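> Residue numbers (our numbering): 5 to 137. All residues carry an ideal CB built from backbone N, CA and C; glycine is no exception. In this text, all values refer to a predicted model and were calculated from it rather than measured experimentally.
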């Protein structure tokens, strides 16, 4: 009947309104995911740069240790032993920093992968809603 059809039309209009509301929410979520993805990439790049700096410092420290070993042969044993121990402590500290940065890079890679996957899913959902609304 006409009343049933009118009821169905109202129901369809309401459903369409809900779909549009969901579409807007998904677009907002999509934008938030894009921003999170961008920040994670920036954090990852920053950590990668810090890691490169630490690796450079580590290389310089290892070079310095080799220089100290050579000078150990030329100078008194006790004085050079103190310097060598100091260099070993410095190198150990740098290796610990490198290990920590490796952990941070690994964590950021995981976060970046997760954000990328969320972004991909959100993009697919938004596309489904956009083309379905």
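With a Cβ-Cβ cutoff of 7 angstroms, do residue 108 and residue 37 count as a contact?
Taking the first residue of the chain shown as position 1, residue 108 is located at position 104. Taking the first residue of the chain shown as position 1, residue 37 is located at position 33. No, the Cβ-Cβ distance between residue 108 and residue 37 is not below 7 angstroms.
> For residue 34, count the other beta carbons within 10 Å of its own beta carbon; 16 or more makes it buried, fewer makes it exposed. Which is it?
Numbered from its first residue, the chain shown carries residue 34 at position 30. Looking at its Cβ environment, which holds 16 or more other Cβ atoms inside 10 Å, residue 34 is buried.
> Among 19, 111, 13, 95, which residue has its Cα nearest to the Cα of residue 61?
By one-based count along the chain shown, residue 61 stands at place 57. Nearest of 19, 111, 13, 95 to residue 61, Cα basis: 95.
> With a cut-off of 7 angstroms, does the C-beta of residue 93 fall near any C-beta of chain B?
Looking for chain B here will not work: only one protein chain is present.
> Answer yes if the segment 108-119 comes into contact with the segment 47-56, meaning at least three C-beta pairs across the two stretches below 8 angstroms, and no otherwise.
Enough Cβ pairs lie closer than 8 angstroms, so yes.
> List the whole-angstrom C-beta distance separating residue 72 from residue 91, where the pair is believed to meet the contact cut-off of C-beta under 8 angstroms.
Taking the first residue of the chain shown as position 1, residue 72 is located at position 68. Taking the first residue of the chain shown as position 1, residue 91 is located at position 87. Correct: roughly 5 angstroms between the Cβ atoms.
> Less than 7 angstroms separating the beta-carbons of residue 30 and residue 130?
Position 26 of the chain shown, counted from the first residue, corresponds to residue 30. Position 126 of the chain shown, counted from the first residue, corresponds to residue 130. Yes, they are a contact pair.
> Among 64, 112, 125, 127, which has the Cα closest to the Cα of residue 98?
Locating residue 98 in the chain shown gives position 94, counting from the first residue. Closest by alpha carbon: 64.
> Given this structure, state the Cα-to-Cα distance separating residue 11 from residue 20, to the nearest angstrom.
In the chain shown, counting from the first residue as 1, residue 11 sits at position 7. In the chain shown, counting from the first residue as 1, residue 20 sits at position 16. Going from the Cα of residue 11 to the Cα of residue 20 covers about 14 angstroms.
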